[in-house]
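**Q**
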Amino acid sequence: MENASTFINHETKTLARRVATERIAPAAGERDRNADFPWEAIRALGECGLLGMIVAEKHNGTAANRATFAAVASELAGACASTSLVYVSHAIVLKAIETAGKEAFKNKWLTPMLDGQALGAFAVHEPDSGSNAGAIATTAYKEGRHYRVNGSKFFVTSSGEASVYLVLVRTEMERSSGGMSALLIEKGTQGLSFGRAEDKMGLRSTSSREMFFNDCLVPIDNLLGMEGGGSQVIGQNVVGWGLFGAAGIAVGIARRAVDLAIKHAKKRTIAGQPIGSHQAVQSMIADMLIGSETAEAFLMSCAAAADNFPDTAGINGFKAKLYASEVAVKTANEAIQVLGGHGYCRDYTVERLFRDARGLLLHFKTSQWLRQDIAKAAMKL
Ligand SMILES: Cc1cc2nc3c(=O)[nH]c(=O)nc-3n(C[C@H](O)[C@H](O)[C@H](O)COP(=O)(O)OP(=O)(O)OC[C@H]3O[C@@H](n4cnc5c(N)ncnc54)[C@H](O)[C@@H]3O)c2cc1C
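Sequence positions in the sequence shown follow numbering that gives the first Met the number 0 and run 0 to 380.
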């Protein structure tokens with residue numbers, strides 16, 4: 000859909016589409032079946048410079064805006080939603096390091112992270128805090144030149160695979176947002192260990208493991224921003240950029256589902272008639288098309304608003320992610336209906352699209368939390 004995409008860098012989007020088609024899509028089904036982590040896909044993105052696209056030019060990025068970031072996430076997700084999710088999680092950690100990290104940390108990690116030799120992941124959620132980030136209990140108390148970190152995180156995308164973790168911790172006992180800080184913790188730090196990989200329904204080529212911090216000593220220079228500024232770091236990067244990437248993933252899934260449904264409706268004949276000649280099937284296709292185009296247009300409009308007025312990134316990201324992820328689930332579900340029994344089988348891509356789309360209602364912020372946040376903002380509560 001081109002009329003909604005005037006804010007994006009088309010060259011970057013075209014590059015993403017080419018890499019997605021040539022280097023990411025071919026093995027996506029196999030990766031999903033084997034739950035293989037998409038390392039080759041990530042390195043391909045590093046080789047063509049897409050991993051650093053939202054980082055400033057002085058750090059070898061291209062300073063892309065949110066609309067372009069979302070468009071790239073969408074192109075990648077059309078090929079492989081897992082790769083796109085790993086990409087989005089990585090990109091927002093890279094952005095956080097670039098904007099709030101200490102020079103020594105940047106010098107050590109920016110280049111390998113831009114190349115795809117090292118991955119980033121963000122770790123906010125915990126088994127007992129669930130979707131309420133304000134209720135985290137992982138602590139980090141200062142001891143000389145280190146923080147001593149104790150606690151655990153849950154369901155972290157790329158956990159075990161990533162080299163650098165942006166971890167939200169509690170640096171003050173009381174449960175206030177001002178008592179939270181963001182620490183960068185490197186894989187290999189003594190006291191950091193990982194649980195087993197979750198056996199997920201979809202997004203199976205991402206890894207999701209619990210992380211355990213057991214008297215983990217982290218240098219104080221690994222603090223992002225100020226002590227007590229964890230909510231801001233998460234707000235600016237995970238929310239302020241990540242939600243647009245997440246919405247882009249949803250749009251990519253929806254668009255691919257429509258394409259596959261259209262192809263099938265034209266090709267599949269019953270008693271000599273293509274199923275696409277029946278009004279009932281046409282009606283599904285029309286609804287799917289409008290749904291996916293509306294989600295894309297709405298995402299682009301929210302991303303452009305956030306790019307122009309960064310203070311509105313949170314609320315615009317909530318709206319775009321909520322709407323696009325619900326459209327993705329609905330569209331992938333309808334695509335299965337158009338494909339009939341074939342669509343319910345693992346050999347057909349729409350089945351994977353549906354399983355992948357379902358996870359989008361949960362990751363970053365659940366639909367329930369997003370609705371609450373949107374309504375509260377509208378009512379100024
Ligand atoms: C594919 C995937 C990738 C993920 N990646 C990451 C990652 O990289 N890093 C990370 O930190 N986390 C990640 N997560 C974790 C994710 O953010 C949480 O799963 C999500 O926030 C929900 O938390 P929960 O699973 O504990 O559900 P719960 O918090 O137990 O919620 C269960 C249900 O109750 C609802 N609910 C709970 N509290 C309220 C409330 N106060 N008001 C209304 N409804 C409520 C929820 O909306 C949900 O429907 C990922 C999850 C998934 C599925």
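Cβ atoms here follow ideal geometry from the backbone N, Cα and C, with glycine treated the same way.
(1) Sorry if obvious, but does the Cβ on Trp-240 come closer than 7 Å to a heavy atom of ligand 1?
(2) Please name the residue or residues paired with Met-179 in a DSSP beta bridge.
(3) Quick one, are the C-beta atoms of Glu-295 and Val-250 less than 8 Å apart?
(4) Using 8 Å for Cβ pairs, my map puts Val-85 next to Pro-37. What's the rounded Cβ distance?
(5) Grab me the residues of Ser-73's own chain with a C-beta within less than 6 Å of its C-beta, minus the 5 sequence neighbours each way, in chain order.
(6) How long is the line joining the alpha carbons of Leu-93 and Glu-350, rounded to whole angstroms?
(7) If you measure between the beta carbons of Phe-154 and Leu-242, is that distance less than 8 Å?
(8) Taking buried to mean at least 16 other C-beta atoms within 10 Å of its own C-beta, is Asn-2 buried or exposed?
(9) Is it buried or exposed, Ser-343, if we count other Cβ atoms within 10 angstroms and call 16 or more buried?
(10) How would you write the range of the beta strand (DSSP E) that Thr-156 sits in, first residue to last?
(11) If you run the structure through DSSP and keep just helix, strand and coil, what is Cys-344?
(12) Within the continuous alpha helix (DSSP H) that includes Leu-321, where are the two ends?
(13) By Cβ distance, which residues of its chain are closer than 7 Å to Glu-10, with the 5 residues on each side in sequence left out?
(14) Indicate, with yes or no, if ligand 1 has a heavy atom lying under 7 Å from the CB of His-89.
(15) Within 10 angstroms of the Cβ of Leu-109, are there 16 or more other Cβ atoms? Answer buried if so, exposed if not.
(16) Alpha carbon to alpha carbon, how far is Ile-373 from Phe-317?
(17) Straight-line CA distance for Glu-197 to Ser-151?
(18) Could you check what DSSP says for Val-123 in three-state terms: helix, strand or coil?
(19) What do you get for Asn-315, buried or exposed, if any count of 16 or more other CB atoms within 10 angstroms of its CB means buried?
(20) Could you pull the DSSP bridge partners for Ala-79 from this structure?
(21) To which residues of the same chain is Lys-375 closer than 8 Å at the C-beta, ignoring the five residues directly before and after it?
(22) Phe-297 lies in the beta strand (DSSP E); which residues open and close that run?
(23) Does DSSP put Gln-272 in a helix, a strand or coil?
(24) Looking at the unbroken beta strand (DSSP E) that takes in Ser-207, where does it start and where does it end?
(25) Please report the straight-line C-alpha distance between Leu-352 and Ala-80, rounded to a whole angstrom.
(26) How would you write the range of the alpha helix (DSSP H) that Phe-363 sits in, first residue to last?
(27) Taking the beta strand (DSSP E) that Thr-20 belongs to, which residues open and close that run?
(28) Would you call the stretch 267-281 and the stretch 120-133 in contact, with 3 or more CB pairs under 8 Å?
(29) Quick check: what's the CA-CA separation for Gly-339 versus Phe-193?
(30) Cβ of Ala-69 within 8 Å of Cβ of Ala-331?
**A** Let me lay it out:
(1) Result no, Cβ not under 7 Å from ligand 1.
(2) Arg-169, per the DSSP bridge assignment.
(3) Glu-295 is a Cβ neighbour of Val-250, given a cutoff of 8 Å.
(4) About 6 Å; that satisfies the 8 Å criterion.
(5) For Ser-73, same chain residues with a beta-carbon under 6 Å away, outside a window of 5 residues either side, are Gly-247, Val-250 and Gly-251 in chain order.
(6) A direct Cα-to-Cα measurement between Leu-93 and Glu-350 gives close to 32 Å.
(7) No, they are not a contact pair.
(8) Note that Asn-2 has pLDDT 43, beneath the 50 cutoff, so the model's placement of it is unreliable and the number below is only indicative. Result: exposed.
(9) The sequence as given places Tyr at residue 343; Ser does not occur at that position. Here Tyr-343 is exposed: its Cβ has fewer than 16 other Cβ atoms, across all protein chains shown, within 10 Å.
(10) It spans 145-156 - the beta strand (DSSP E) in which Thr-156 sits, taken as one unbroken run.
(11) Secondary structure of Cys-344 (DSSP, three-state): coil.
(12) From DSSP, the alpha helix (DSSP H) with Leu-321 extends over 312-338.
(13) Nothing listed; no residue qualifies.
(14) Not one heavy atom of ligand 1 falls within 7 Å of the beta-carbon of His-89.
(15) Leu-109 is classed as buried because its beta carbon has at least 16 other beta carbons within 10 Å across all chains shown.
(16) Approximately 7 Å between the Cα atoms of the pair.
(17) If you draw a straight line from the Cα of Glu-197 to the Cα of Ser-151, it is about 15 Å long.
(18) The answer is coil: DSSP assigns Val-123 none of H, G, I, E or B.
(19) Label assigned to Asn-315: buried.
(20) The sequence shown places Cys at residue 79, not Ala. For Cys-79, which the question treats as bridged, DSSP gives no partner whatsoever.
(21) Taken in chain order, the list of residues that qualify is empty.
(22) That residue, Phe-297, is in no beta strand (DSSP E); its alpha helix (DSSP H) goes 278-307.
(23) DSSP places Gln-272 within a strand segment (E or B) once states are collapsed to three.
(24) Its beta strand (DSSP E) spans residues 207-218.
(25) Going from the Cα of Leu-352 to the Cα of Ala-80 covers about 8 Å.
(26) Segment: none, Phe-363 is in no alpha helix (DSSP H) and carries neither H nor E.
(27) It is not in any beta strand (DSSP E) - Thr-20 carries neither H nor E in the DSSP assignment.
(28) Fewer than three Cβ pairs drawn from the stretch 267-281 and the stretch 120-133 lie within less than 8 Å of each other, which leaves the two stretches out of contact.
(29) Across the structure, Gly-339 and Phe-193 are spaced so that their CA atoms are roughly 41 Å apart.
(30) With contacts defined as CB atoms closer than 8 Å, Ala-69 and Ala-331 fail to qualify as a contacting pair.
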